[in-house]
Every structure is written in structure tokens, then in C-alpha cells.
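Taken in order, these protein sequences are the chains called P and F.
Just so it is clear: in the first sequence, position 423 is 653 by the numbering used here, and no numbers are missing.
Just so it is clear: in the second sequence, position 399 is 403 by the numbering used here, and no numbers are missing.
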Amino acid sequence: MPESTTTSKPDLLDFATRVAGWANDGEQLDVYVARGRDTEVRVYKGEIEQLSTADAEGVGIRVVKDGRTGFAYAGTLDDDAVAEALADARDNAEFGTPDEFAGVASPDGVEARDIDPYDPDIESFPTDKKIELALELERMVNGADERIAGARVIAYGDEFVERAVATSLGVSNWSRRSAASVQAYVIARDGDDTQTGGGYSAGRSATTLDLERAANDAVEHAIRMLGATKPKSAKVVAVLEPSIAATFLGLVGGTLAGSAVLKGRSLFADRVGEEVAAPAITLIEDPTLPEAWGATKFDGEGLATRPVTLIDNGVLQGYLYDTYSARRAGTAPTGSGVRGGFKGTPGVGHRALRLVPGERSQEEIIKGIDDGVLVQSVSGLHSGVNPVSGDFSVGATGIRIRNGELAEPIREFTIGSTIQRMLKGITAVGNDLEWMAGSSAHITLAMSDISLAGI
Amino acid sequence: MIEEGVLQRVLGAALRSGGEWAEVFVEDRRSSTAVLDDGKVERVTSGRDRGAGIRVVVGETTGFAHTADLSEQGLRDAAEAAAAAARGGGGGTKTVALTRRHVEPAGRVEINPEDVAKRDKVALLLRANDAARAKSDAIRQVSGAYQDGRRRILVANSDGLLAEDDQIRTLFNVTAVATGDTGMQTGYKSIGVTKGFEVFKEVSVEELAEDAARQALVKLSARPAPSGEVTVVIPSGTGGVLFHEACGHGLEADLVQKETSVYRGKVGELVASPLVTLVDEPIEFEWGNYAIDDEGHPAQRSVLIQDGVLTDYMWDWLRARKEGREQSGNGRRQTYQHLPMVRMTNTSVSNGTEDPADIIRDTPSGVYIAALGGGQVNTATGDFVFGMNEAYLIENGEITEPLRTANLIGNGPEVLRNIDVLGNDWEIGRPGMCGKDGQSVPVGHGNPTLRVTKMTVGGTAGA
Chain P
231 MPESTTTSKP DLLDFATRVA GWANDGEQLD VYVARGRDTE VRVYKGEIEQ
281 LSTADAEGVG IRVVKDGRTG FAYAGTLDDD AVAEALADAR DNAEFGTPDE
331 FAGVASPDGV EARDIDPYDP DIESFPTDKK IELALELERM VNGADERIAG
381 ARVIAYGDEF VERAVATSLG VSNWSRRSAA SVQAYVIARD GDDTQTGGGY
431 SAGRSATTLD LERAANDAVE HAIRMLGATK PKSAKVVAVL EPSIAATFLG
481 LVGGTLAGSA VLKGRSLFAD RVGEEVAAPA ITLIEDPTLP EAWGATKFDG
531 EGLATRPVTL IDNGVLQGYL YDTYSARRAG TAPTGSGVRG GFKGTPGVGH
581 RALRLVPGER SQEEIIKGID DGVLVQSVSG LHSGVNPVSG DFSVGATGIR
631 IRNGELAEPI REFTIGSTIQ RMLKGITAVG NDLEWMAGSS AHITLAMSDI
681 SLAGI
Chain F
5 MIEEGVLQRV LGAALRSGGE WAEVFVEDRR SSTAVLDDGK VERVTSGRDR
55 GAGIRVVVGE TTGFAHTADL SEQGLRDAAE AAAAAARGGG GGTKTVALTR
105 RHVEPAGRVE INPEDVAKRD KVALLLRAND AARAKSDAIR QVSGAYQDGR
155 RRILVANSDG LLAEDDQIRT LFNVTAVATG DTGMQTGYKS IGVTKGFEVF
205 KEVSVEELAE DAARQALVKL SARPAPSGEV TVVIPSGTGG VLFHEACGHG
255 LEADLVQKET SVYRGKVGEL VASPLVTLVD EPIEFEWGNY AIDDEGHPAQ
305 RSVLIQDGVL TDYMWDWLRA RKEGREQSGN GRRQTYQHLP MVRMTNTSVS
355 NGTEDPADII RDTPSGVYIA ALGGGQVNTA TGDFVFGMNE AYLIENGEIT
405 EPLRTANLIG NGPEVLRNID VLGNDWEIGR PGMCGKDGQS VPVGHGNPTL
455 RVTKMTVGGT AGA
């Protein structure tokens with residue numbers, strides 16, 4: 231791998247290791263340091279609307295003493311601020327409830343797969359070319375169809391982050407990742423009718439983006455919704471577009487977090503070995519796949535990531551664990567500690583969920599459906615899905631499927647079921663698995679017995 | 005927070021590097037959080053973020069840079085980066101004279117949370133945990149969070165404006181999980197205010213926890229919600245989400261100017277039932293409150309809809325400048341690392357005249373939503389959803405059986421026209437966090453009991 235110019239692996243790792251070494255007797259420390267640079271460009275009607283660029287860095291320190299956990303962060307790496315954060319974390323720890331399982335990570339002997347989800351172009355690609363990409367994307371969507379009235383968002387964004395994790399028990403790791411994306415969110419008009427559609431492309435740097443794909447998806451999604459009406463309520467087969475299926479799998483992934491299971495708020499607690507999904511479903515979490523958007527060598531606690539089979543041919547195999555939940559469950563961690571940046575304490579989460587693909591394309595799956603809906607967008611996931619009870623109800627737009635063909639566009643309806651029934655009711659998995667942005671791979675899914683609520 | 009001389013020189017540097025207009029936004033934010041879960045105080049955390057965001061405008065282009073380095077050199081570097089981003093060429097000497105704008109802080113804080121012992125904050129969580137669990141053996145899990153935050157901001161711009169604010173917010177929430185033959189259900193209750201720790205003299209965390217537990221228990225016997233169009237009654241103090249989504253976002257001038265709002269070009273037209281008057285305004289101690297927005301403009305009362313007629317949109321500096329009009333104090337940003345945009349403050353529907361009990365009695369069949377969840381809107385089409393955290397069937401004018409969680413969907417302009425009655429029981433709502441383009445800010449709302457003649461409920465049972 232080419233050594234980058236602005237990153238300096240040793241200094242960030244040295245920093246984390248040095249601070250972890252400040253642990254007092256009888257105290258465990260875990261130090262997470264992140265440094266990154268990001269750029270965002272937005273254009274509107276041929277002009278740059280916004281251009282922002284920023285460097286950010288910070289440190290999060292966790293202290294565990296006598297089973298009590300405290301945490302504090304600082305948005306700078308200067309010694310005074312770090313010392314203050316450590317003092318705050320120690321003070322905070324005084325007020326936690328003792329927990330015999332509390333603690334930071336110690337080396338667990340699992341070797342990290344040698345991946346580096348980073349493209350050096352992220353640091354050398356010039357800003358004016360990033361602007362040009364965004365302007366080009368806007369020209370592409372505007373020129374695609376006369377019914378495209380403009381865009382609400384045409385944006386280019388990228389980020390480069392390096393991070394180091396060190397614990398007083400000997401964990402000490404450094405990793406980095408880069409990401410770039412373009413997105414288009416466009417408006418189509420036909421008379422009084424207005425519809426919207428989105429498209430994007432993501433990669434490790436600007437040089438790997440597919441503008442045409444982003445433009446075409448946005449335009450097609452908006453245009454095909456023109457004339458959409460509110461449908462009659464019905465029970466249907468729902469075909470989830472790959473991006474929507476990825477969102478659904480993310481919800482399922484959340485219910486398989488060891489922390490949710492241990493705390494009695496997972497639908498799938500005590501169900502290992504049971505059939506929880508259709509036999510076509512094999513669900514794997516694997517952040518060691520370099521092509522996965524969320525690929526990373528180490529987790530948020532500094533342990534190696536590793537592949538974990540969660541559901542095998544419909545049968546539940548196990549859950550995801552960070553160090554705390556693993557100790558408490560009496561099992562090994564799965565390298566699934568995640569953090570929301572340096573300000574967040576580690577929790578359990580997935581980064582790279584994927585289904586084993588099926589045999590058929592989306593088109594072939596639709597051909598076999600008499601009465602259904604192709605779901606193009608969903609809304610209200612945070613308000614209509616309860617991952618504890620499993621209730622699932624979201625607003626949607628899409629295309630009605632009749633006799634194996636795409637029929638009229640529909641809007642202002644909901645699709646409803648429960649997560650449990652949806653998993654069991656999956657009738658087809660597409661052959662179109664693709665890694666886009668996000669923590670789950672995109673893939674077409676069809677599921678039966680979905681309540682479509684409209685008129 | 006920063007000396008006036010430094011601010012003047014930094015703004016000068018931004019203009020010298022080609023900016024037509026420049027702004028320095030400085031923020032110093034401290035927060036303290038305690039989280040209880042599974043009977044234990046799981047973590048106590050604190051953090052401090054300090055930094056500045058510098059915005060430079062040239063023509064229609066905004067350049068932006070932010071820095072955690074608040075030294076004069078750090079600020080100047082950011083100013084030059086922002087100006088370069090705005091593609092300035094320019095030159096010459098430019099100076100800025102600053103005039104301090106005096107604004108009274110939005111909330112009077114009696115007990116600064118920074119002065120409260122962490123032990124006392126943690127004790128609230130333990131009390132809430134005990135209270136929720138004492139409610140029933142079926143309450144198998146309780147989690148809760150206490151959070152306080154102090155946000156000091158300073159805004160200086162090249163028009164000479166200099167303004168500061170000191171914002172303190174306190175938040176407390178409880179989630180209870182009940183387990184029964186029908187599986188698990190959750191109950192959630194929260195309070196959030198622009199007040200200090202004195203709020204816990206007025207609000208009982210035990211009552212809040214018991215209410216969360218009650219909600220979870222009620223839902224254990226809930227049946228699937230209907231699937232299809234129904235009449236909806238929403239009680240006071242919970243319906244703000246409906247207006248926030250049905251029209252609030254669509255009245256934000258940035259979306260209107262980009263022709264992505266169904267309310268574009270509708271000022272002066274009837275867009276809602278004549279019963280509806282909607283304002284965005286500062287309400288003392290309310291969660292969304294502030295004295296100045298994040299562009300230094302005082303928060304103000306804006307009438308958006310008067311007796312059903314659209315009167316105005318909400319404005320920030322950039323969009324107001326484009327129209328050559330005054331901004332309305334709605335320019336907000338999540339942190340110094342973000343650019344401001346048009347955001348709501350506290351949105352409120354004015355009081356009606358009917359007795360809420362009569363409204364229910366006059367509803368032959370429908371759904372009563374005792375607690376709404378969050379929502380989401382597509383402002384271009386006007387289609388929006390919101391969730392129901394606690395809901396019941398209305399049968400023959402009476403509230404009957406509880407319903408399971410679902411979203412409701414409707415079209416903003418249609419729903420506003422379909423509001424056929426407002427109660428006389430206006431009440432402030434629960435705290436909300438509003439997300440837009442990746443930025444989250446606290447918002448508040450208030451409403452009286454109201455009825456919508458027709459909305460689609462996204463349940464699984466036949467309507």
C-alpha cells in the first residue's frame with residue numbers, strides 16, 4: 231500500500247498507546263482516537279451552492295474501575311484536553327453501577343484479515359474536479375428527460391478517516407478507510423403532478439464513482455412515479471428494491487445484537503437452532519470483505535473483525551457480540567464493537583450484512599408474481615418499526631405488479647407486517663447482490679402476505 | 005468567548021481573500037449524560053466540543069470551513085480556506101466594525117446542571133427504574149437517559165453583527181419493555197426543556213416512568229391496527245408532529261426556493277381548514293427555544309398560516325437575502341461543523357373552541373392517538389408519515405381497544421383541509437429532535453385536541 235502523505239499511522243497509534251499507558255493500578259483504559267478530513271460539494275443550477283472542507287480529530291476515553299464504567303471525549307488531541315477528558319472519565323466512573331462483566335478489550339488471538347479499505351486517490355483528487363463531478367451529474371439528470379424539473383440535491387462528498395484503538399490490556403491497532411459518493415435527488419413534473427427520485431454511487435474515492443448510474447437511477451425513479459395514485463388496501467406480495475431490502479436486513483441485524491438479546495429486548499432471544507426465516511435465507515455479517523462499504527480490519531474496541539453466520543438456511547445460528555456482551559453471555563466476542571465516532575461509547579452492531587444470493591434476477595422474480603408491489607422507497611422507519619415487538623409499518627411508494635408485469639405507479643400507502651412474519655414469508659432472494667453505501671448489501675427480496683394500506 | 009479584535013481581523017481576512025460576506029460562528033458545548041439499562045447505571049459520560057465555523061459568501065456560492073483551533077491563527081486559516089472555497093479572488097483591505105446585539109437569554113436557569121452532583125443525576129435514573137418495575141411484574145426491562153447540555157454561541161458577521169447566547173437544555177427519558185403472551189411491547193416517555201435541574205422539582209421522574217410502564221402494559225393487549233382510511237383524533241400536546249411534517253418542513257424557505265415544496269407560490273391562498281392558525285415561535289422553557297438563532301438573529305414569532313390562509317414561510321439569512329427581505333430567526337445548525345439552514349423552532353397550532361370530550365363523543369368510529377411517534381415528509385409531493393406510540397380504536401364515540409404500533413400516511417395539504425374540529429385544550433408537546441439533510445436540532449410544538457376526517461393507517465387488520 232502506498233504510504234499517504236497526510237496520514238501518519240505511527241503518531242496516531244503512539245498517541246493512543248501512550249494515553250492507554252496512563253492507566254492507574256486497578257484501572258482499565260480504552261482510548262479511541264480518530265482523525266479525518268471530509269469534503270462536501272453541492273451544486274444548484276450550474277453553480278456551486280456550497281463547498282465545505284474540514285479536518286476533525288478527537289479522542290474518546292473509557293475508564294473501568296471496580297466494575298464501574300465512565301467515559302469522556304474531547305474534540306481535540308492537545309494534551310490538556312486529553313488529560314481533562316481522562317479526569318472526567320475517571321470521575322464519571324465513580325457513578326456507574328458495578329458490573330462484573332465491565333471491561334475493555336484484551337487481545338483475543340484472532341488475527342485480522344489483511345484488508346485496507348482505502349484508495350490513495352482520496353487524498354490527491356483535486357477539489358475543482360470534485361466540483362466538476364457534481365456539475366456533470368447535474369447536467370446528466372437535467373438532460374435526461376424533459377419532465378425532469380430540477381434537483382433538490384446534487385452533491386459530492388468524501389471522507390478519509392484513520393483511527394487507532396489502544397487498551398491498557400494490550401490491544402493496540404490502527405486502521406483507515408476512505409469513501410466517496412455522489413447523490414442526486416431529483417424532481418419530475420408533468421402538469422400539476424410532482425414526483426421525486428434518488429440515485430447515487432459510492433466508492434473508495436472519486437475515481438471509482440459511476441455518475442451515469444446515479445443519474446439514471448434518480449431520473450428513472452422520479453419519472454416512473456409520475457401519475458402515481460393512492461392504491462386500494464390489499465394483501466400483496468412485496469418485492470423490495472435492493473436498497474429497501476438492505477434497510478430491512480439492517481433492522482433484522484439490530485435484533486441480533488448480543489446486547490439486545492441479553493437485555494431481553496430481542497425478538498430472537500433463546501431461539502438459536504430454530505427456523506426464524508424462510509429456508510432461502512442465509513445471513514452473514516462479514517466486515518472482512520474488502521468490497522463491503524463497512525469493511526474494516528478492527529472493530530471499535532480494537533479486536534479483529536471476522537465473518538459470522540447469523541442465519542443459515544433459515545435457522546438462527548447466533549448473535550453478534552462486543553467484549554462486554556460476550557463476557558456476559560459466556561462466549562467469545564465476534565469483533566462487533568461499533569462506535570459513532572470518538573464521542574460514542576462502544577456498543578454492538580453490524581457493519582457488513584449480506585444474504586447469500588438466489589438464482590433469479592429481479593425481472594424474473596416479478597414475472598412470477600400475480601398481485602404485488604415493487605417497493606421503491608419507504609419512510610417513517612424510526613416511527614413505524616418497533617424492533618422489540620417486531621411491528622412493521624412504513625410509508626411507501628412503488629409500482630403495482632399485475633400478472634408478472636410492472637403496472638401503475640402508486641403512492642401514499644403503507645406496507646405492514648411484523649419482522650418475524652416478513653422473514654418467514656420471503657419467497658425469493660435476487661441474484662443481484664451489490665455493495666453500496668451502508669452496513670448491508672443491496673439485494674432484491676420478495677415476501678408474501680404484506681398488508682398494503684391505502685384507500 | 006473570542007476577543008472582538010480577533011473577530012474583526014478574522015472577518016477582515018475572509019473578505020480580503022475575496023468574500024463578499026463573511027461570518028464567524030463560535031460554539032462551546034458541554035454535555036453530561038447518564039444512561040441506565042438493565043437495572044444498572046451503564047455509563048456516565050461527558051464531553052466538550054469547542055470550535056468555529058466560518059462561512060464566506062461570493063455570489064450564490066457559500067464557502068465553509070470549520071476548526072477546533074480557536075487561536076487567531078487557527079481562525080484565520082479557516083477563514084482563508086472558506087474564502088478560497090467560495091472561489092474568491094478579490095483583494096484590497098477590508099475592515100469590519102462589530103456592534104454587539106444585546107439579547108436576553110431564552111430561558112432563565114435556576115439550577116445550572118453543571119453545578120449538580122453527578123450522584124444526583126444518576127439517582128433520578130435509579131428512581132425511574134424502580135418506579136417502572138414496581139408497576140407490574142410484566143415490566144421486564146427498563147432503560148433511561150438523563151442528559152444536560154450547555155451550548156454557548158457567538159456569531160459575528162461582516163455586516164457588523166455581534167451576538168451571543170447561552171443555551172441550557174435538560175432531557176430525561178424512560179423506555180419500559182413489557183413481556184406477555186403476545187410478545188414484547190415498549191412504552192416511552194420523555195421530557196425536555198430549556199431549563200436547568202429545577203425541572204425535576206416540577207416533574208416527577210417516577211410518574212414519567214410509571215407512565216412509560218403503563219403504555220407498554222396497555223400495548224400487550226393491543227390488537228393489530230386497521231389497514232386503510234379512518235378518522236383520526238389526536239389529543240392536545242401530542243399532535244405537533246403532524247403539523248411539523250404536514251406543512252412545517254414545506255414552509256421552510258430553502259425548500260420553497262428550490263421548488264421542492266407543495267406550498268411554493270401559495271402565499272395568500274387557503275391551504276388548510278379555516279380553523280387552523282399555525283405559528284412558529286419562541287415559547288419560554290420549551291425544548292426548541294433559543295434567544296438568537298445560529299446566525300445571530302433573535303428568535304421571533306412567525307405566523308405561517310392564519311385562519312387557513314398561508315401567510316409566510318420561515319427564513320434564514322441566505323434565503324432572505326435572495327428575496328431581499330428580513331430573515332425570521334430560523335437559521336439553525338447542529339454544531340459549528342455544520343452550515344445553517346432553515347429550521348423550525350416551536351410550531352404551534354392555536355387553540356380551538358370545542359370541549360375535547362365532545363370531539364370524541366361526536367366521532368362514530370376512528371382511531372385515537374394518545375401518543376404520536378416521529379414522522380417524515382417528502383416536501384415535494386407533500387406525502388408524510390408519522391407513528392403512533394399509543395393508540396386506541398374509537399367506537400360509537402368511545403375510546404375502546406388499544407392498537408399495535410403503525411405509521412399513518414397522508415398528504416399534507418389534504419390533511420390540513422380535512423381538520424374539521426379543534427379543542428379548547430391547547431397544551432405544549434414533548435421534546436423532539438428534527439432531522440434534515442443530516443443535521444439534527446431540538447424542536448418543540450404545541451396543539452389542542454384535533455380531528456382529521458380521513459387518514460390512512462398502516463396496520464395489518466381490515467379497516
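Ideal placement from N, C-alpha and C gives every residue a C-beta, glycine not left out.
Per DSSP, reduced to three states, the secondary structure at tyrosine 554 of chain P is helical. Between glutamine 341 of chain F and chain P, the shortest Cβ-Cβ separation is below 9 Å. The stretch 421-441 of chain P and the stretch 608-618 of chain P do not touch, with fewer than three beta-carbon pairs separated by less than 8 Å. Residue pairing by DSSP puts proline 302 of chain F in a beta bridge opposite F/Ile296. Taking 9 Å as the CB threshold, histidine 451 of chain P stays off the interface with chain F. By the neighbour-count definition (other C-beta atoms within 10 Å, threshold 16), serine 225 of chain F is an exposed residue. In the DSSP assignment, glutamate 402 of chain F is bridged to F/Glu399.
Assignment of beta-bridge partners to isoleucine 514 of chain P by DSSP yields P/Thr539 and P/Arg584.
Annotation: isoleucine 345 of chain P is outside any alpha helix (DSSP H) and is labelled neither H nor E by DSSP.
C-alpha of valine 222 of chain F to C-alpha of serine 369 of chain F: approximately 20 Å in a straight line.
Per DSSP, the continuous alpha helix (DSSP H) segment holding histidine 612 of chain P begins and ends at 611-614. Note on methionine 437 of chain F: under 16 other CB atoms within 10 angstroms of its CB, so exposed under the neighbour-count rule. Per DSSP, the continuous alpha helix (DSSP H) segment holding histidine 451 of chain P begins and ends at 441-453. With its beta carbon less than 9 Å from one in chain F, histidine 612 of chain P belongs to the interface. Taken atom to atom, the span from the alpha-carbon of leucine 255 of chain F to that of valine 313 of chain F is near 13 Å. Following the DSSP letters along the chain, one finds valine 425 of chain F inside the beta strand (DSSP E) bounded by residues 423-426.
For the stretch 40-56 of chain F, the set of residues with a beta-carbon nearer than 9 Å to any beta-carbon of chain P comprises Leu40, Asp41, Asp42, Gly43, Lys44, Val45, Glu46, Arg47, Val48, Thr49, Ser50, Gly51, Arg52, Asp53, Arg54 and Gly55, in chain order. Sorting F/Val197, F/Gly51, F/Thr351 and F/Phe201 by C-alpha distance to the C-alpha of arginine 305 of chain F places F/Thr351 at the top.
Listed along the chain, the chain F residues whose CB falls inside 9 Å of the CB of tyrosine 303 of chain P are Thr49, Ser50, Gly51, Arg52 and Asp53. In chain order, Arg272 and Val273 place their CB closer than 7 Å to the CB of glutamate 279 of chain P, counting only its own chain and leaving out the 5 sequence neighbours on each side.
Scanning P/Thr535, P/Gly602, P/Leu636 and P/Ser678 for the CA closest to the CA of asparagine 403 of chain P turns up P/Thr535. Along the stretch 58-70 of chain F, the positions whose C-beta sits under 8 Å from a C-beta of chain P are Gly63, Glu64, Thr65, Thr66, Gly67, Phe68, Ala69 and His70, read in chain order. Within chain F, the C-beta atoms nearer than 8 Å to that of threonine 575 of chain P come from Arg47 and Thr49, in chain order.
Nearest neighbour of leucine 166 of chain F by Cα position, chosen from F/Glu249, F/Ile195, F/Ala26 and F/Thr367, turns out to be F/Ala26. Within the stretch 247-275 of chain F, those residues whose Cβ lies closer than 8 Å to any Cβ of chain P are, in chain order, Leu259, Lys262, Glu263, Thr264 and Val266. Inclusion of alanine 86 of chain F and arginine 59 of chain F in the CB contact set at 9 Å is warranted, their separation being smaller than that value. When 7 Å is used as the limit between beta carbons, isoleucine 413 of chain F is near these residues of chain P: Gly625, Glu642, Phe643 and Thr644, in chain order. Put simply, the CB of threonine 174 of chain F is far from chain P, with every gap to its CB atoms at 9 Å or more. Annotated three-state conformation of proline 472 of chain P is helix, per DSSP. Excluding five sequence positions before and after asparagine 161 of chain F, the CB atoms of its chain that fall closer than 6 Å to its own CB belong to Glu27, given in chain order. The beta carbon of valine 447 of chain F sits closer than 6 Å to those of Gly292, Met348, Gly436 and Cys438, all from its chain and outside the five residues before and after it, given in chain order. At least one CB atom of chain P sits nearer than 9 Å to the CB of phenylalanine 390 of chain F. If you look at tryptophan 321 of chain F, you'll find it in the alpha helix (DSSP H) that goes 321-327. With contacts defined by Cβ atoms closer than 9 Å, arginine 421 of chain F and valine 275 of chain F form a contacting pair. Note that the C-beta distance between alanine 229 of chain F and serine 623 of chain P is below 9 Å.
Secondary structure note for isoleucine 673 of chain P: it is in no alpha helix (DSSP H), with a DSSP letter that is neither H nor E.
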